[in-house]
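Worksheet for the structure shown next.
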Ligand SMILES: Cc1cc2nc3c(=O)[nH]c(=O)nc-3n(C[C@H](O)[C@H](O)[C@H](O)COP(=O)(O)OP(=O)(O)OC[C@H]3O[C@@H](n4cnc5c(N)ncnc54)[C@H](O)[C@@H]3O)c2cc1C
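Numbering (the UniProt record's numbering), first residue to last: 1 to 510.
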């Protein structure tokens, strides 16, 4: 069969026919299918800046199918394979140049409630979407995962391969801190169960591992009782120092004294609907009247975004009292406070609504030269001064998130890289492009920001990192590079997995 697959690869180089694909399918003997027609889907991602055609798009029906594909690829002379979650990467990370793409969403969407040491967990497929997990766990059991991403049409395996961060991470850590067990198909095609106590190198390697050590086919995600409602609040700041002081205060105080969600963003002091003052109110009936801004307000403003969970049975005055107590000492512009009450699911699915608008405006499918960084608290004021206030003074056509996280909530045995120090900031430049400036110019602006950080010695790490040379990857991993390389040699010795990350080159077989 290997000879056949190599032959298939050569033939595909010279435009093979669908017949070859169906023969390949038979040769692999999958329960699922191989779709040659859908290679176009797997050639693209949300970033919209790469187009890399694979040989075939495989729709596995089971973990066994995933393992079969990986085993066969490992025995070919130079084929690679990438798991594709929902293809929401920016820089072709889930692509494989003339390799095989495994469509993780085709795995049967199984959800099971299990109990480990008395705690509830969802046992879910690696290709499940977080939004489906939310609907299942809340509707069936009144439970929900603790740590989320802002947008939920992402796969469980895809975000666990990065980190999975949102406004709950200051309290519970990223999604990688909220799983207890994984089922992983390694680059050797072995299917292993791993956890902190069993195959722990694989467990911690795969978490934040950029798909380099194995394909996550199942995960056990910790659940907790879901609230019914959320008080969702936005507070405007004119000074970055006030904004960061309050944000850092809220993420550092005792759980019972804080909000359940803390995020923030920078925006432009203009009337632009996407990037200016109109992007702040939470309800169409609310108005951001610039008259309330002090005359000292500059062209960049900041918004602290908070949420407090509550139950339907809580009396409205109890919620008001709780919120007012928490807001009492904060230094926001007092007349620029916006709040709404929404159901918990509505809150978690908030970006879905933004997606619908963006699709209607045609900007969802345009290129997204996004840049995500973790920046040390020690350098965030300098970063603001140069990046938000100068380089990005016109905005990025979409949200510019900036909010603090706590390092102690992350497990340093995972593959995720963070700056030093307990408090660091997530900075996400979520660019939505129109015709001008071109995506190339925006990518160049991202590079300018990265170069500025390097030149100034700013302590930062790229989140959802993207580098093209191994030298850059070595710098990214720093003193953890040798651990990363050892894990690679142990779990994917032929370097067949996730070639789109461009960390390792496939080791050719004679
Ligand atoms: C609109 C939008 C909003 C976002 N919001 C957030 C946010 O709030 N917080 C946050 O942390 N991130 C956010 N992200 C980024 C998101 O975490 C990444 O895109 C991530 O890659 C998950 O996307 P995906 O499931 O489509 O995976 P893909 O993009 O398909 O894959 C990502 C990488 O992981 C590998 N991979 C995929 N599945 C598996 C698996 N099962 N096992 C092993 N490797 C696998 C792929 O080969 C690839 O290298 C957002 C992205 C978008 C587009």
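Glycine included, C-beta positions come from ideal geometry on N, C-alpha and C.
Burial state of residue i (16 or more Cβ within 10 Å)
{"i": "residue 329", "result": "exposed"}
{"i": "residue 468", "result": "exposed"}
{"i": "residue 290", "result": "exposed"}
{"i": "residue 17", "result": "With a pLDDT of only 44 at residue 17, under 50, the local geometry of the prediction cannot be trusted, and the value read off the model is given with reservation. Its Cβ having fewer than 16 others within 10 Å, residue 17 is exposed."}
{"i": "residue 144", "result": "buried"}
{"i": "residue 216", "result": "buried"}
{"i": "residue 181", "result": "buried"}
{"i": "residue 339", "result": "buried"}
{"i": "residue 300", "result": "buried"}
{"i": "residue 40", "result": "exposed"}
{"i": "residue 252", "result": "exposed"}
{"i": "residue 128", "result": "buried"}
{"i": "residue 65", "result": "buried"}
{"i": "residue 107", "result": "buried"}
{"i": "residue 432", "result": "buried"}
Expected contact under 8 Å - CB spacing of residue i and residue j to nearest Å
{"i": "residue 89", "j": "residue 46", "result": "7 Å"}
{"i": "residue 407", "j": "residue 421", "result": "7 Å"}
{"i": "residue 481", "j": "residue 174", "result": "Actually they do not touch by this definition, with Cβ atoms about 21 Å apart."}
{"i": "residue 418", "j": "residue 424", "result": "6 Å"}
{"i": "residue 243", "j": "residue 302", "result": "4 Å"}
{"i": "residue 520", "j": "residue 262", "result": "With the chain running from 1 to 510 in the structure shown, residue 520 is simply not present."}
{"i": "residue 500", "j": "residue 229", "result": "Not quite, the Cβ-Cβ distance comes to about 41 Å (not below 8 Å), so this is no contact."}
{"i": "residue 488", "j": "residue 212", "result": "6 Å"}
{"i": "residue 503", "j": "residue 81", "result": "Actually they do not touch by this definition, with Cβ atoms about 15 Å apart."}
{"i": "residue 395", "j": "residue 238", "result": "At roughly 17 Å, the Cβ-Cβ gap does not stay under 8 Å, so residue 395 and residue 238 are not in contact."}
{"i": "residue 154", "j": "residue 130", "result": "6 Å"}
Contact test: residue i Cβ vs ligand 1 heavy atom, cutoff 7 Å
{"i": "residue 113", "result": "no"}
{"i": "residue 297", "result": "no"}
{"i": "residue 242", "result": "no"}
{"i": "residue 31", "result": "no"}
{"i": "residue 104", "result": "yes"}
{"i": "residue 36", "result": "no"}
{"i": "residue 84", "result": "yes"}
{"i": "residue 193", "result": "no"}
{"i": "residue 464", "result": "yes"}
{"i": "residue 504", "result": "no"}
{"i": "residue 93", "result": "yes"}
{"i": "residue 168", "result": "no"}
{"i": "residue 150", "result": "yes"}
{"i": "residue 41", "result": "no"}
{"i": "residue 157", "result": "yes"}
{"i": "residue 199", "result": "no"}
{"i": "residue 498", "result": "yes"}
{"i": "residue 88", "result": "yes"}
{"i": "residue 216", "result": "yes"}
{"i": "residue 351", "result": "yes"}
{"i": "residue 165", "result": "yes"}
{"i": "residue 126", "result": "yes"}
{"i": "residue 492", "result": "no"}
{"i": "residue 177", "result": "no"}
{"i": "residue 211", "result": "yes"}
Where residue i sits in the DSSP three-state scheme
{"i": "residue 44", "result": "coil"}
{"i": "residue 224", "result": "strand"}
{"i": "residue 272", "result": "coil"}
{"i": "residue 500", "result": "helix"}
{"i": "residue 157", "result": "helix"}
{"i": "residue 332", "result": "coil"}
{"i": "residue 232", "result": "strand"}
{"i": "residue 191", "result": "strand"}
{"i": "residue 444", "result": "helix"}
{"i": "residue 152", "result": "coil"}
{"i": "residue 495", "result": "coil"}
{"i": "residue 38", "result": "coil"}
{"i": "residue 62", "result": "coil"}
{"i": "residue 121", "result": "strand"}
{"i": "residue 83", "result": "strand"}
{"i": "residue 422", "result": "coil"}
{"i": "residue 490", "result": "helix"}
{"i": "residue 415", "result": "coil"}
{"i": "residue 361", "result": "helix"}
{"i": "residue 115", "result": "strand"}
{"i": "residue 264", "result": "strand"}
{"i": "residue 300", "result": "strand"}
{"i": "residue 510", "result": "coil"}
{"i": "residue 27", "result": "helix"}
{"i": "residue 476", "result": "helix"}
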